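Okay, so here's the structure we're looking at.
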Amino acid sequence: MIVVRCIVEVPRVISKGKFRKYKGEKLKRFVLVIFFCIFFVCPAFSAPAHAPDSESAIARSSGSGFRPLGVIIEDPAQFKLNNPDGNKYEFVKAYLNSLSQLKTNAKQKERAIIISQENFSDPETIRTVTHNLAVDNVNLRVARNYLQKFLTPDNGLILKASDLFIKSCNEQIGQNNLENGLLLKLSKLLSRGKMDKGFQLAFFKKVQEISLERKESNKKILQASLLVGKVLISSSPDSKGDFVYLGLTKEEKNKLLSKLDRFYESEYQGELREGQTFLAGSVIAIRQVLEDKDLMTRK
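Numbered by my numbering, the letters in the sequence shown go through residues 2 to 300 in order.
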């Protein structure tokens, strides 16, 4: 059960004045992006068949920007109950390992050959794409397996984040298997000289559908990562009732920041912004919480 219902409750809760804040401007922007990304990531996206689509871009807003709303916790007691301190460092460390596997897939897709109308009948292209799908699935399984042990009720936010991430990996593995089956059928038809225009059209239509499904699956990665940012917040407030502590020691925080150094490319730096991939947004969301100077460690 997720206790922080700030996404859909923000307007109503603010109007009634029933809220508590995390301090820190970066965290204020952080929850704003939760609201923005989950509800305004554009599901309709035109892409070429078999485009590099393991991550869709965060949609662009139509306005000139948003004012930070603050991070809202409607029920601090439930937040503390469902996000107890303990095991947070181990979970986030494993989660960053999982994101590293997804980065490997993303880098592969940047260089990968894609199936197009011009090369779909080339056997070598088909073999290469089939191989890449298999490698992709290996990395997805490794990423998924890092988080399997956290599917316990000890911490509701950790459970939900792990579940979302694992579901996304499983969906993508299934999508890759489906595309691989289409490629095998295509290869057999080509080898027998039985290719026809009808199958060609159906093939590219189905590949396009799979591409769109992948984009929907990758939204879950960003949603999970935004929850990881909340996991990092200590469930123990200060004397004023504000949640201003990380559930980490200073040493643990520094170790996690060091792990984030593997995401050194410019796309993983800066603040959450429109036009980013879901993976880049995930890394930056976690980095922003760890680097927020208004969030203190207890030791």
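Cβ coordinates follow ideal geometry from the N, Cα and C atoms, glycine included. Every value quoted in this text rests on a predicted model; they were computed, and no experiment measured them.
{"Check": "Going by DSSP in three states, Tyr265 sits in which element: helix, strand or coil?", "Outcome": "coil"}
{"Check": "For Ser188, which option in Val130, Lys94, Asn88 has the closest C-alpha, if you only look at C-alpha atoms?", "Outcome": "Val130"}
{"Check": "For Lys81 and Asp293, what's the separation of their Cα atoms in angstroms?", "Outcome": "21 Å"}
{"Check": "Determine the contact status of Leu148 and Ile167, defining contact as a CB-CB distance below 7 Å.", "Outcome": "yes"}
{"Check": "By the 10 Å Cβ neighbour count, where 16 or more other Cβ atoms means buried, how is Gln277 classified, buried or exposed?", "Outcome": "buried"}
{"Check": "Measure how close the beta-carbons of Phe329 and Lys104 come, nearest whole angstrom, since I'm counting them as under 8 Å.", "Outcome": "The structure shown has nothing for residue 329, since the chain only spans 2 to 300."}
{"Check": "Taking 6 Å as the limit between beta carbons, can you name the residues of its chain near Ser218, skipping five residues before and five after?", "Outcome": "Ser169, Glu172, Gln173"}
{"Check": "Could you have a look at Thr298 and say whether DSSP puts it in helix, strand or coil?", "Outcome": "coil"}
{"Check": "Per DSSP, which one or two residues make a beta bridge with Tyr96?", "Outcome": "DSSP, once it has assigned bridges, lists no residue as partnering Tyr96."}
{"Check": "In or out: Ala162 buried (at least 16 other Cβ within 10 Å) or exposed?", "Outcome": "buried"}
{"Check": "For Lys254, which residues in the same chain have their Cβ closer than 7 Å to its Cβ, ignoring the five residues on either side in sequence?", "Outcome": "Leu247, Leu291, Thr298"}
{"Check": "Kindly indicate which residue of Asp239, Asn84, Asp137, Leu165 has the alpha-carbon position closest to the one of Ala107.", "Outcome": "Asp137"}
{"Check": "Please report the distance separating the alpha-carbon of Leu160 from that of Asn84.", "Outcome": "10 Å"}
{"Check": "Just tell me which of Leu191, Pro77, Asn88 has its CA closest to the CA of Asp155.", "Outcome": "Asn88"}
{"Check": "Which of helix, strand or coil does DSSP assign to Ala281?", "Outcome": "helix"}
{"Check": "Could I get the ranges of all uninterrupted beta strand (DSSP E) runs contained in the segment 101 to 185, with 3 residues as the minimum, in chain order?", "Outcome": "none"}
{"Check": "Output yes or no for whether 7 Å exceeds the beta carbon distance between Asn133 and Ala113.", "Outcome": "yes"}
{"Check": "Hey, Ala286 and Tyr269: beta-carbon distance below 7 Å or not?", "Outcome": "no"}
{"Check": "Quick check on the burial criterion: 16 or more other C-beta atoms within 10 angstroms. Buried or exposed for Ala78?", "Outcome": "exposed"}
{"Check": "If you follow the alpha helix (DSSP H) that Phe244 is in, where does it begin and where does it stop?", "Outcome": "Run containing Phe244: none; DSSP gives neither H nor E here."}
{"Check": "Note down the Cα distance separating Asp164 from Lys220, rounded to an integer number of angstroms.", "Outcome": "13 Å"}
{"Check": "Could you check which residue in Phe92, Val229, Phe121 has the C-alpha nearest to that of Asp197?", "Outcome": "Phe121"}
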